[in-house]
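S.K.:
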Amino acid sequence: MEDNVPMMLKHGEIWAAIDRLAQENGLTASGLARRAGLDPTTFNRSKRVTREGKARWPSTESIAKILDATGTTFPVFVSFIGVEPGQRPHRTVPLIGLAQAGDRGFFDDAGYPVGQGWDEIPLPDVADPHAYALEIAGNSMEPVYRDGDIIIVSPAASLRRGDRVVLRTREGEVMAKQLLRRTAKRVELQSLNSEHPDRSFAAEEVEWIARIIWASQ
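Going by the numbering used here, the sequence shown runs without a break in its numbering and finishes at 198.
1) Considering only residues of the same chain and omitting the five flanking positions on each side of ILE47, which have a CB-CB separation below 6 Å?
2) Just tell me which of GLN97, ILE194, VAL187, LYS(-9) has its CA closest to the CA of ALA91.
3) What does DSSP give as the partner residue(s) for TRP195 in the beta ladder?
4) Over the uninterrupted alpha helix (DSSP H) stretch that includes GLY12, give me the two end residues.
5) Give me the Cα-Cα distance between SER60 and ALA118, rounded to the nearest whole angstrom.
6) Assuming THR73 is part of the beta strand (DSSP E), what are its boundary residues?
7) Taking the alpha carbon of GLU176 as the point to measure from, which residue in GLU123, GLU169, PHE182 has its own alpha carbon closest?
8) Going by DSSP, what residues sit across from GLU101 in a beta bridge?
9) Could you check the C-alpha separation between ILE(-5) and VAL74 for me, to the nearest Å?
10) Once DSSP output is grouped into helix, strand and coil, what is the label at TRP189?
11) Rounded to whole angstroms, how far is the Cβ of ILE190 from the Cβ of LEU115, which I believe are closer than 8 Å?
12) By how many angstroms is the C-alpha of PHE58 removed from the C-alpha of ALA50?
13) Look at the Cβ atom of THR53, then the Cβ atom of LEU2, and state whether they are nearer than 8 Å.
14) Who are the Cβ neighbours of ARG29 in its own chain at under 7 Å, not counting the five residues just before and after it?
15) Keeping to the same chain, check which residues put their C-beta closer than 8 Å to that of ASP(-16); ignore five residues upstream and five downstream.
16) How far does the alpha helix (DSSP H) with THR51 in it extend, from its first residue to its last?
17) Are LEU148 and GLN159 close, meaning C-beta to C-beta below 8 Å?
18) Can you find the residues in the same chain that come closer than 6 Å, C-beta to C-beta, to ALA112, ignoring five residues on each side of it along the sequence?
19) Just how far apart, CA to CA, sit TRP195 and ALA165?
20) Given this structure, state the Cα-to-Cα distance separating LYS(-9) from LEU19, to the nearest angstrom.
21) Where do the N-terminal and C-terminal ends of the beta strand (DSSP E) with PHE182 fall, by residue?
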């Protein structure tokens, strides 16, 4: 899957994203500007080009204000870019760092994302509404996953031998490895990095385990 954030932004796409943000909040472009404390004509069609016919871009300050006024994160705004009228934008999924995943308050007992402190990133075509993203930190999972890679985890996906998974123990340890074997009594994992040991846990030691369904490599 390719990165969903366009590498080259087009003038019309940015303005269309602003129009889409207004639409999502039940506003006109003028109403959106007014809510953000801007001049109501800030996003008018006539303001999008100069008298000489040159493209005029919205300022970063004006975009920051409309995001703040509507409670919209920047990744969500980015997901509106390139969306044709009538289409739904890419959905967003929660994102936290892998180290944070060991903290209390981010997951329920079944491994579903809850609580506060999540960022969001746009991602299309993920069937599991509870899917979430983890950002890899460190080199313990190289060469499969490197520092800064994003993985998408699906708590609802079925598990099979050979799947790459994220497991969290009841002690709060979180790891990404390959599933070797899972029985009613034990879970056995193979390390993705040969320099790190394989792991085996009694079933009662495991708080949750979920399959990795996508990676940003």
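For each residue, glycine too, the CB sits at the ideal point set by N, CA and C.
M.R.: In brief:
1) Mapped onto the sequence shown, residue 47 falls at position 66. Answer for ILE47: LEU13, ALA17, listed in chain order.
2) As a working note, residue 91 is residue 110 in the sequence shown. The residue with the shortest Cα to Cα distance from ALA91 is VAL187.
3) Taking the sequence shown and counting its residues from 1, one reaches residue 195 at position 214. Answer by DSSP bridge pairing, in chain order: ILE133.
4) Residue 12 sits at position 31 when you count from the first residue of the sequence shown. Per DSSP, GLY12 belongs to the alpha helix (DSSP H) from 10 to 16.
5) Indexing the sequence shown from 1 puts residue 60 at position 79. Indexing the sequence shown from 1 puts residue 118 at position 137. Taking the straight line joining both Cα atoms gives about 25 Å.
6) Against the sequence shown, residue 73 aligns to sequence position 92. DSSP places THR73 inside the beta strand (DSSP E), whose first and last residues are 73 to 78.
7) Residue mapping note: residue 176 aligns to position 195 of the sequence shown, counting from 1. Comparing Cα positions, the closest option is GLU123.
8) In the sequence shown, the residue the question calls residue 101 occupies position 120. DSSP output for GLU101 lists PRO75 as bridge partner(s).
9) Mapped onto the sequence shown, residue -5 falls at position 14. Mapped onto the sequence shown, residue 74 falls at position 93. So the alpha carbons of these two residues sit roughly 22 Å apart.
10) Within the sequence shown, numbered from 1, the residue matching residue 189 stands at position 208. In the structure shown, TRP189 sits in a strand (DSSP, three-state: E or B).
11) As a position in the sequence shown, residue 190 is number 209, starting the count at 1. As a position in the sequence shown, residue 115 is number 134, starting the count at 1. In fact, because the Cβ distance is near 14 Å, the residues do not count as touching under 8 Å.
12) The residue you call residue 50 lines up with position 69 of the sequence shown. The residue you call residue 58 lines up with position 77 of the sequence shown. Their Cα atoms are separated by approximately 13 Å.
13) Counting from 1 along the sequence shown, the entry for residue 53 is found at position 72. Counting from 1 along the sequence shown, the entry for residue 2 is found at position 21. Yes, these two residues count as a Cβ contact at 8 Å.
14) Position 48 of the sequence shown holds residue 29. Answer for ARG29: TRP(-4), ARG37, listed in chain order.
15) Here the question's residue -16 lines up with position 3 in the sequence shown. Since pLDDT at ASP(-16) reaches only 39, below the 50 mark, its modelled position is unreliable, and the value read off the structure follows with that caveat. Excluding sequence neighbours, ASP(-16) sits near SER197.
16) In the sequence shown, the residue the question calls residue 51 occupies position 70. From DSSP, the alpha helix (DSSP H) with THR51 extends over 41 to 51.
17) On the sequence shown, position 167 is the one that residue 148 refers to. On the sequence shown, position 178 is the one that residue 159 refers to. Cβ distance not < 8 Å, so LEU148 and GLN159 don't count as in contact.
18) Translated into the one-based positions of the sequence shown, residue 112 becomes position 131. Beyond the five residues adjoining it in sequence on each side, ALA112 comes within less than 6 Å, by CB distance, of VAL74, ILE133, SER135 in the same chain, given in chain order.
19) Your numbering for residue 195 matches position 214 in the sequence shown. Your numbering for residue 165 matches position 184 in the sequence shown. Straight through space, the alpha carbons of ALA165 and TRP195 are spaced by roughly 27 Å.
20) Taking the sequence shown and counting its residues from 1, one reaches residue -9 at position 10. Taking the sequence shown and counting its residues from 1, one reaches residue 19 at position 38. Distance between the alpha carbons of LYS(-9) and LEU19: 23 Å.
21) For the purposes of this step, residue 182 is taken as the residue at position 201 of the sequence shown. Start and end: 180 to 183.
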